[in-house]
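Residue numbers (my numbering), protein chains in the order written: chain A, 1 to 434; chain B, 1001 to 1100.
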Amino acid sequence: MPENTVPASQYDALVIGGGIAGEEAALNLANMGFYVVLVEKDLSLGGKMIHLSKVFPTLDCSACITTPKVSETARHSNIKIYTYSEAKDIKKVSNNRFSVNIIRKPRYVIEEECTGCEACEKVCPVIVEDQYQYDLVGRKAAYIPFSIANPRIATIDIDNCILCGACEKACLAEAIDFTQKPEVIPVEVKSVILATGYDLFDAQKLPNYGFNKYKNVVTAMQMERQLVPTRPFNAVLRPGDGKMPSNIAYVLCAGSRDATVGNPICSQICCMYSIKQAQLLMGALPMADVTIYYLHIRAFGKGFNEFYMQARGMGVDFVKGKIAKISEKENGNLIIRYEDVYKGKVKESEHDMVVLSTGIMANQGITGMFPDLNLDTDPYHYIKQIDELRNPSRTSIPGVFVAGAVSGPMDIPDSILSAGAASSETASYMRRLP
Amino acid sequence: MSAEKTRTIDVIKQQRQVPELAKQRRKAFADMRKTIRTALEDEPKTIPELAAATGLQVGDLTYYLMTMRKYGEVTVGQVDDDDEYFYYELTKKQTHNDKS
């Protein structure tokens, strides 16, 4: 790692995370006249929302809502963005300033030169799982993350590169640069907004449901990708054999409200995203039957219960039952063994595809960013709001605030509201500094 | 265009070795691609038909076939009579005459 020899750039606020909450917070502050540096660990802005099909309960196009905000953030003159970068070593240098090291990872592509033409991608001979399609399909080692990525520029996945040099030869813009090294960019800021979102629950921690063992058991995020126009397959298909499914089951609370897998709390979004996907599936596959196995339907938000009743009205079958086990037949169909709570019986049913409505977990990499400061977390490892009722964005470190799901599970509108509150509290804090 | 420009790939080659897994992935894709292309040369096939023709494991076949579709090598045709499986065929190369 190179030494810090560059003088630190000065900003008003550091926003960590370029998802919907981070963008909202950064834009609000920038529009108030503050200078913001935004750090995103991924290759593109947009967070998880940019990969979703529609939002509940309005069924508006998710990408259509988020991409204008992404573009506005990227073009705002008061916002400096570092993608594929991480904020580290956040320390207090005085009562009203933090020092931060931004670690910029090498893309092996000169950002200013890359035109996003995909020439490198076409000639790359290596295929690895495409993380942006949740491993349903492959991508090249030289790749553009996804079609609406911002910035839409290529990256070389050096760990999977065979160093053949085909990409460099094919790049007419001469943008490939294998000599790039990680950079350390020191900055100083008056305040920090944490908007790092959440992690998806790892479905492999539920061995009785057979994820990664049975190809036709998928996660809800994999189904979400199948429902977007830039989907991995040509239609909604079983990953195991490319068959159009006609009988799909959803298993709710897969990795939520379950202390045995380390996530005893409700993830708050799974009921509604499953109901949303069920409705979208009935549009995509008009002949398909969709069954949702649930413990309780938590339709608590504005318009949520009506949305739930709409799904029932469309013919989605809701079965109250706890799933004990999923097993696979030779033809790839899946047998669900469950307890039908209303009838008090153990039953089995056959489906040709099963979707695990996986929950969300706290992103646990945050406290390590503050080596000398004590950033409190709650019992579930989310960042603790120390004055939740009066100042919901405050953390245990004065000058550090939370926006979105970094402080607990929440849906998109609540994340945006939380980001609004965080930017407002941050602005108020900075205006009161000497 | 500078013919003398040093290729940066030559620099990194001095500094790091190619990971074994990356070599295996390249070979796996090359082998799969060749097998799928050969099997689709004569006529469009569904995934079960392709699996029967090639002996490939159907899950792996789906993954690589869909990857080839993503990169434009394979085109999707009609669905079969049971409305279960789509037919896939090799993408026809556009000739100069096609474009005009």
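Positions of the beta carbon are idealized from the N, C-alpha and C atoms, including for glycine.
Proximity of residue i and residue j at Cβ, strictly below 7 Å
{"i": "PRO57(A)", "j": "PHE300(A)", "result": "no"}
{"i": "GLY1059(B)", "j": "GLY138(A)", "result": "no"}
{"i": "TYR134(A)", "j": "ILE326(A)", "result": "no"}
{"i": "VAL37(A)", "j": "VAL228(A)", "result": "no"}
{"i": "THR73(A)", "j": "GLU23(A)", "result": "yes"}
{"i": "SER415(A)", "j": "ALA25(A)", "result": "no"}
{"i": "SER99(A)", "j": "GLY399(A)", "result": "no"}
{"i": "GLY315(A)", "j": "ASP340(A)", "result": "no"}
{"i": "LEU373(A)", "j": "PRO232(A)", "result": "no"}
{"i": "ALA141(A)", "j": "ASP157(A)", "result": "yes"}
{"i": "ILE185(A)", "j": "ALA1022(B)", "result": "no"}
{"i": "ALA87(A)", "j": "VAL15(A)", "result": "no"}
{"i": "ILE297(A)", "j": "CYS271(A)", "result": "yes"}
{"i": "ARG104(A)", "j": "GLU183(A)", "result": "yes"}
{"i": "LEU295(A)", "j": "CYS253(A)", "result": "yes"}
{"i": "GLY408(A)", "j": "TYR382(A)", "result": "yes"}
{"i": "SER393(A)", "j": "GLU425(A)", "result": "yes"}
{"i": "THR66(A)", "j": "ILE148(A)", "result": "no"}
Separation of residue j from residue i, as counted between CA atoms
{"i": "LEU334(A)", "j": "SER357(A)", "result": "16 Å"}
{"i": "ALA427(A)", "j": "LEU29(A)", "result": "7 Å"}
{"i": "PRO2(A)", "j": "LYS181(A)", "result": "Because PRO2(A) carries a pLDDT of 45, less than 50, the predicted location of this residue cannot be relied on, and no value is offered for it."}
{"i": "ILE110(A)", "j": "LYS1034(B)", "result": "34 Å"}
{"i": "ALA419(A)", "j": "ALA403(A)", "result": "4 Å"}
{"i": "ASP12(A)", "j": "GLN268(A)", "result": "33 Å"}
{"i": "SER1002(B)", "j": "GLY19(A)", "result": "The predicted position of SER1002(B) is uncertain, since its pLDDT is 47 and thus under 50; a value taken from the coordinates is nonetheless stated next. Roughly 41 Å separates the two Cα atoms."}
{"i": "ASN150(A)", "j": "SER44(A)", "result": "5 Å"}
{"i": "PHE318(A)", "j": "ILE1009(B)", "result": "57 Å"}
{"i": "ASN263(A)", "j": "ALA405(A)", "result": "15 Å"}
{"i": "ASN4(A)", "j": "LYS80(A)", "result": "Bear in mind that a pLDDT of 46 at ASN4(A), under 50, signals an unreliable position, so the number given afterwards is only what the model happens to contain. So the two alpha carbons sit approximately 20 Å from each other."}
{"i": "VAL189(A)", "j": "ASP89(A)", "result": "13 Å"}
{"i": "ASP258(A)", "j": "ILE265(A)", "result": "7 Å"}
{"i": "VAL1079(B)", "j": "ASN234(A)", "result": "11 Å"}
{"i": "ALA1039(B)", "j": "TYR273(A)", "result": "40 Å"}
{"i": "PRO245(A)", "j": "ASP1083(B)", "result": "10 Å"}
{"i": "SER77(A)", "j": "LEU27(A)", "result": "10 Å"}
{"i": "GLN10(A)", "j": "ASN96(A)", "result": "13 Å"}
{"i": "GLY46(A)", "j": "VAL70(A)", "result": "6 Å"}
{"i": "PRO1048(B)", "j": "GLN1057(B)", "result": "10 Å"}
{"i": "PHE1086(B)", "j": "GLU328(A)", "result": "23 Å"}
{"i": "LYS1092(B)", "j": "ASP42(A)", "result": "36 Å"}
{"i": "ALA324(A)", "j": "GLY332(A)", "result": "19 Å"}
{"i": "ASN247(A)", "j": "ARG238(A)", "result": "11 Å"}
{"i": "TYR250(A)", "j": "VAL236(A)", "result": "15 Å"}
{"i": "TYR1064(B)", "j": "ASP1042(B)", "result": "19 Å"}
{"i": "TYR338(A)", "j": "ILE412(A)", "result": "32 Å"}
Cross-chain neighbours of residue i in chain B, by beta carbon under 9 Å
{"i": "GLY116(A)", "result": "Under the 9 Å cutoff, chain B gives no residues; its nearest Cβ is about 16 Å from GLY116(A)."}
{"i": "ASP159(A)", "result": "PRO1019, LEU1021 and ALA1022"}
8 Å Cβ cut-off: residues of chain B touching residue i
{"i": "THR179(A)", "result": "THR1008, VAL1011 and ILE1012"}
Under 7 Å from the C-beta of residue i: neighbouring residues of chain A
{"i": "ILE1047(B)", "result": "ASP241 and GLY242"}
{"i": "TYR1063(B)", "result": "VAL137 and GLY138"}
Residue i at chain B interface by Cβ criterion, 7 Å
{"i": "LYS320(A)", "result": "no"}
{"i": "PRO125(A)", "result": "yes"}
{"i": "ARG165(A)", "result": "What sits at residue 165(A) in the sequence shown is Gly, not Arg. Yes, contact with chain B."}
{"i": "ASN333(A)", "result": "no"}
{"i": "GLU168(A)", "result": "yes"}
{"i": "PHE233(A)", "result": "yes"}
{"i": "VAL137(A)", "result": "yes"}
{"i": "VAL109(A)", "result": "no"}
{"i": "ILE162(A)", "result": "yes"}
{"i": "VAL128(A)", "result": "yes"}
{"i": "LYS213(A)", "result": "no"}
CB contact below 7 Å: residue i versus chain A
{"i": "LEU1090(B)", "result": "no"}
{"i": "GLU1084(B)", "result": "yes"}
{"i": "ALA1052(B)", "result": "no"}
{"i": "VAL1058(B)", "result": "yes"}
{"i": "VAL1076(B)", "result": "yes"}
{"i": "ARG1037(B)", "result": "no"}
{"i": "LYS1027(B)", "result": "no"}
{"i": "LYS1034(B)", "result": "no"}
Contacts of residue i in chain B (Cβ-Cβ under 7 Å)
{"i": "ILE176(A)", "result": "THR1008"}
Neighbour list for residue i in chain A, Cβ cutoff strictly below 9 Å
{"i": "LYS1093(B)", "result": "Per Cβ cutoff of 9 Å: no residues; LYS1093(B) is ~14 Å from chain A at best."}
For the segment 1026 to 1042 of chain B against the segment 117 to 126 of chain A, are there 3 or more C-beta pairs whose distance is under 8 Å?
yes
The segment 166 to 178 of chain A in contact with the segment 114 to 123 of chain A per 3-pair CB rule at 8 Å
yes
Answer yes if the segment 191 to 206 of chain A comes into contact with the segment 344 to 354 of chain A, meaning at least three C-beta pairs across the two stretches below 8 Å, and no otherwise.
no
Can you confirm whether the segment 381 to 392 of chain A touches the segment 215 to 223 of chain A when touching is taken to mean that 3 or more C-beta pairs between the two stretches lie within less than 8 Å?
no
Evaluate the contact criterion for the segment 366 to 380 of chain A versus the segment 278 to 287 of chain A: three or more CB pairs, one atom per stretch, below 8 Å.
no
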